[in-house]
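Since the structure comes first, as structure tokens, the remarks are kept for the end.
There are 2 protein chains.
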Amino acid sequence: MQGQMMDFSLDTQAILRRGGQIFGNQEVVTRLTDGSYHRYTLREFERRVHRLINVLRDLGIQPGDRVGTLCWNHYRHLELYFAISSMGAVLHTLNIRLSEEQLSYIINHADDQVIFVDTSLTSVLEAVEDECPNVRNYVVLDDQGETAETSLSNQLDYETLLAAASDQATLPDLDENSAAAMCYTSGTTGNPKGVVYSHRSIYLHTMAVMTTDGYGLSQREVVLPFVPMFHANAWGLPYAALFSGCRLVLPGAQPTAAILAKIMIDQKVTTAAGVPAIWNMLYQHLKQENLSLDTVETLIVGGSAAPRAMIEKFDKEFNITILHLWGMTEMSPLGTVGRIRSHMEDWSYDEQLDIRMKQGVPAAGVEIRIQDDNGNLLPWDGKTIGELTVRGPWVASGYYNNPEASKSFTEDGWFRTGDMVTINEEGYMQIADRSKDLIKSGGEWISSVDMENCIMAYNGVAEAAVVARPDDKWDERPVAFVVSADSANPLTEEQIRTHLLETFAKWQVPGVEDVRFIDVVPKTSVGKFDKKVLRQRLEG
Amino acid sequence: MQGQMMDFSLDTQAILRRGGQIFGNQEVVTRLTDGSYHRYTLREFERRVHRLINVLRDLGIQPGDRVGTLCWNHYRHLELYFAISSMGAVLHTLNIRLSEEQLSYIINHADDQVIFVDTSLTSVLEAVEDECPNVRNYVVLDDQGETAETSLSNQLDYETLLAAASDQATLPDLDENSAAAMCYTSGTTGNPKGVVYSHRSIYLHTMAVMTTDGYGLSQREVVLPFVPMFHANAWGLPYAALFSGCRLVLPGAQPTAAILAKIMIDQKVTTAAGVPAIWNMLYQHLKQENLSLDTVETLIVGGSAAPRAMIEKFDKEFNITILHLWGMTEMSPLGTVGRIRSHMEDWSYDEQLDIRMKQGVPAAGVEIRIQDDNGNLLPWDGKTIGELTVRGPWVASGYYNNPEASKSFTEDGWFRTGDMVTINEEGYMQIADRSKDLIKSGGEWISSVDMENCIMAYNGVAEAAVVARPDDKWDERPVAFVVSADSANPLTEEQIRTHLLETFAKWQVPGVEDVRFIDVVPKTSVGKFDKKVLRQRLEG
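Protein chains in written order, with the numbering used here: chain A, 716 to 1255; chain B, 716 to 1255.
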């Protein structure tokens, strides 16, 4: 027996309509590089999206075609998010920090027909243009960044096109399972792999983001996604902003910690989202300049684990809650959220912090489990480490045109995350390590993440990354790369070792020669510690 | 081009799994009639649901079969909610306040195979048993209510069956569009009409309920649904409780205002949900007994409009927020939520109350519009009255086996609510009246709802209902039925008229002979003012 409910398509058109109609007076604010702000209402936004849909059609874009964007976080990028998907085409966000090889690979692999690019980023494309013969047009968006004369062929100007287009567009009926967007994940080996989001997955992910125990977004929030819109849908915030009616504040081109602080104060931001590295820089800036952020309540952290010391410092010195998320490009990206539960409210601060250090419990809709190498399910005891496998309506079922993809899925249809984790009795997941980042020494595991967190909690440490080096006797030994916060007062190897010995067993702590001071931890294109580079240094 | 996301079924099994696994330590608490509380964890709950699934199978229930429940709000009813739908059968909640004719009609129309009934409600079924020959079994649940010897044939005992069943059940793969539950809506004319909820609609409705601007449910809430589980899924709270992990407190058989107050205090309830009449009774009780409800933050009100005076009294005297919802059985039921927006926070209390008196903006996922008699769309100006039409993934597309249903839908697929409303520029909907309840006098409309609210705001008025009487000269004239709060100090007709003249035009105010004092406003089976009965009194 079937239900008798409307066959209502879950798609980005519905999100766009709600933004324009119910929250038509709400503003989208973008920081411009001259320090001023661009602002318009969601009603005006919706009209420009309709113009843009007509532009895309004039450029020959058909439903299903991939359209690339190489842009910072700004209102025009938001217009592209909604116009491309709502007309039935596929938004392909290009990561500005990819190598030339990777960039041309993904443009060709996705078969992008047209690419929209910021003036300040045209040089990135110029370098690969010859390798990408199928791109018919480059449409340039003036982001007020540093503009070079660009040699890109078949160049068009965004605003000129929009000005000539009608602001009335008829949108097609969409199949909710059709593709709306795609994003490549760089991975550690081989070519980047494309994740293809459906309208349905985006819609459902948006609902999860808006639950009180998700990000808890409401109309009353002012939200700043520092996380780039070219990275995993900016964690879903562009969609959630329109669906919840919150005020979206976009940081524009090349934001720094100082710029972020200014925007937060100017625009009365309540919630911002980014990787730990940026909040670390923000913290340093706030201290140096003696600033406070009175309106900010929550800093959402994902991409890497937030160090305990960071959570504590923001709590105690700024009354700002660091909210721990964990996700993956393959998960749209929201997987888990690290909130404490009602029965923990009586716990000591340190006990609560133990919980908040975990990546958290699955967002409503996501399911998790841990498995051993043979696929057996492991207990949820908070101790047993196994590989995290996940499923849910916004988890990828494969990679775009990639026959290797099957390795990433279990036989019964769960996605293998590659993360080695524990889950406790209440469903709190904690990452022990990426499976490749766990250090196996003398037959026992050492968590590089735990060791990094421990080092970063030490006074005078700015950053730390721990990787394995091969060792004849022990198989592997940990090497700690440490950045001193104050180069005028550098720390010593023995200080780090002594500090580690308070938490770790003696056999786990790196030897003196394996504590190495560096100027900065190298980062990947999405701001994570790039352990590949560190490992190469060890070899080199 | 299709998305490459998991084909994950949105169904009640996923909600059940999450409750048992992630929130396994959370408790469900039920008030028993002896004043004690039954409590168990969601982990235990899930095991009993599995037992119950085995019981249902032993009783011959097949996927798609309808299974009736005639029960109060308690843990066994919650078990039935999840067991029946998760095994693929269809939960049919029977309203305990229906007439015998209506009850036998819906049991036969739905073709219920088995009915689960509370001991205290068996007499309701005995009266119709002979009219319902297709019901194979009656399974009796001991709700500790007044138990009569029951003559029901083919009687079985719930706990005896459960004790004999295994607590391990394999659940079938479900099509998310298959039926999970049904509920009949009595309407004003003709036979009750059946609404058939799909797994998908329930899942999506649950997500909407959990958004911050929906009910805002989180794990930290303690939620008491006074709204019956036999009425429109208790507004979705049974499902949302398991999915959000909040603590569910169920009031058991025949709760009164005094019982509610006790439960709220005993169990530290934070949010409760019910019709205005019950909160009015609760208010009277709190004042009489000089009680406060320190943990209660929100009383969710639906079913009828909350009088302004009630919202104000709870705000000012108890620091409890009345949250206005509007919905319909055909909408699962959530349609709109009446929260103020950030830019209104600077407004005066009275201005905010003007907004909170409206039924609110559509919940994320629901779309609304207003139309005139010819189907033309009307402007959102807060003034123009038209019929509200709605659509969304949890709105009915028809009624079960009812060819008359097409009248309730527009040609382009929206549901006609029968409510006459305004919508303002920001999407706030306000009900002027049910179309049949609007009073047309001398060619102009009078809103019976506005007039009722005005009268109920007058000191000394307990309740008031306004209906139209036919009038030779004016077509219709309003008649106000008024209940004095203190029968020792009754109000006069002129007091009511003088009070109304402060707000209404002279021609709108009922004449002296049209203000009538009564002891109580008659209510429908779901607690709404029964204007049908009042109109009959005018005729009689």
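Quick reminder that beta carbons are idealized off the backbone N, C-alpha and C, glycines included.
{"Query": "Nearest neighbour of GLY1042/B, chosen from ILE1233/B, GLY1075/B and THR1010/B [CA to CA]", "Result": "GLY1075/B"}
{"Query": "Cα-Cα separation between TRP1095/A and VAL910/A, rounded to whole angstroms", "Result": "29 Å"}
{"Query": "Where LEU939/B falls, given that 16 or more other Cβ within 10 Å makes a residue buried", "Result": "buried"}
{"Query": "TRP950/A beta carbon near the ligand FAD (any heavy atom closer than 8 Å)", "Result": "Absent from the structure shown: the ligand FAD. Ligands present: none."}
{"Query": "Where ARG1106/B meets chain A, residues with beta-carbon distance less than 9 Å", "Result": "MET721 and PHE723"}
{"Query": "Residues of its chain near LEU818/B, where Cβ-Cβ distance is below 6 Å and the 5 sequence neighbours each way are ignored", "Result": "VAL843"}
{"Query": "Nearest neighbour of ALA1203/B, chosen from VAL1181/B, VAL1176/B and LEU1215/B [CA to CA]", "Result": "VAL1176/B"}
{"Query": "Residue span of the beta strand (DSSP E) that contains ASN852/A, given as start and end", "Result": "852-856"}
{"Query": "Contact check, PRO1077/A vs THR1099/A, beta carbons under 9 Å", "Result": "no"}
{"Query": "Identity of the residue in GLY929/B, TYR820/B and PRO1185/B nearest GLY1157/B by Cα", "Result": "PRO1185/B"}
{"Query": "Counterpart residues of GLN1086/A in DSSP-defined beta bridges", "Result": "LEU1092/A and GLU1102/A"}
{"Query": "Extent of the continuous beta strand (DSSP E) run through GLU1156/B", "Result": "According to the sequence as given, residue 1156/B is Ser; it is not Glu. Start and end: 1154-1156."}
{"Query": "Proximal chain B residues relative to VAL805/A, where beta-carbon distance stays under 8 Å", "Result": "MET716"}
{"Query": "Cβ neighbour criterion (16 or more within 10 Å) applied to ASP780/A", "Result": "buried"}
{"Query": "Inter-residue spacing [alpha-carbon to alpha-carbon] between LEU1049/B and VAL924/B", "Result": "8 Å"}
{"Query": "Cβ-Cβ separation, ALA1180/B to LEU1249/B (assumed contact under 8 Å), whole Å", "Result": "6 Å"}
{"Query": "Cβ of GLN928/A within 9 Å of any chain B Cβ", "Result": "In the sequence under discussion, the amino acid at residue 928/A is Asp, which differs from the Gln named in the question. So yes, ASP928/A belongs to the interface."}
{"Query": "is_contact[SER901/B, chain A] using C-beta, thresh 9 Å", "Result": "no"}
{"Query": "Alpha carbon of GLU1027/A to alpha carbon of MET1072/A, nearest angstrom", "Result": "10 Å"}
{"Query": "Contact check, TYR796/B vs VAL743/B, beta carbons under 9 Å", "Result": "no"}
{"Query": "Alpha-carbon spacing of MET897/A relative to LEU1001/A, whole angstroms", "Result": "36 Å"}
{"Query": "Cβ neighbours of ASN740/B in the same chain (closer than 8 Å, five flanking residues each side left out)", "Result": "THR756, LEU757 and ARG758"}
{"Query": "Beta-bridge pairing of GLN717/A - partner residues as DSSP gives them", "Result": "SER893/B"}
{"Query": "Interfacial residues, the segment 732-762 of chain A to chain B, with Cβ spacing under 8 Å", "Result": "ARG732, ARG733, GLN736, ILE737, PHE738, GLY739 and ASN740"}
{"Query": "Cβ shell of LEU1093/A (< 7 Å), same chain only, five flanking positions each side left out", "Result": "ILE1085, GLN1086, ASP1087, THR1099 and GLY1101"}
{"Query": "CB contact check: GLN934/A to chain B, cutoff 9 Å", "Result": "yes"}
{"Query": "Residue interval of the beta strand (DSSP E) (run including ALA1195/B)", "Result": "1190-1199"}
{"Query": "Stretch pair the segment 958-970 of chain A + the segment 1009-1020 of chain A: three plus CB contacts closer than 8 Å", "Result": "no"}
{"Query": "Every unbroken beta strand (DSSP E) within the segment 732-802 of chain A, with a cutoff of 3 residues, ordered by chain", "Result": "742-746, 752-756 and 781-785"}
{"Query": "7 Å CB neighbourhood of GLN1067/A in its chain, flanking five on each side removed", "Result": "ILE1055 and MET1059"}
{"Query": "Neighbourhood of PHE1244/B by C-beta distance below 6 Å, restricted to the same chain and skipping five residues each side", "Result": "ALA1180 and VAL1236"}
{"Query": "Beta-carbon contacts of ARG812/A that lie in its chain and below 6 Å, excluding the five residues immediately before and after", "Result": "SER1240"}
{"Query": "CB contact below 9 Å: PRO1256/A versus chain B", "Result": "Given that chain A is displayed from residue 716 to residue 1255, the structure contains no residue 1256/A and the question cannot be resolved."}
{"Query": "Helix, strand or coil at MET925/B according to DSSP, with G and I counted as helix", "Result": "helix"}
{"Query": "Cutoff 9 Å: LEU919/A Cβ touching any chain B Cβ", "Result": "yes"}
{"Query": "Contact with chain D by VAL850/A, beta-carbon distance below 9 Å", "Result": "Judged by its chain identifiers, the structure shown contains no chain D, and its protein chains are A and B."}
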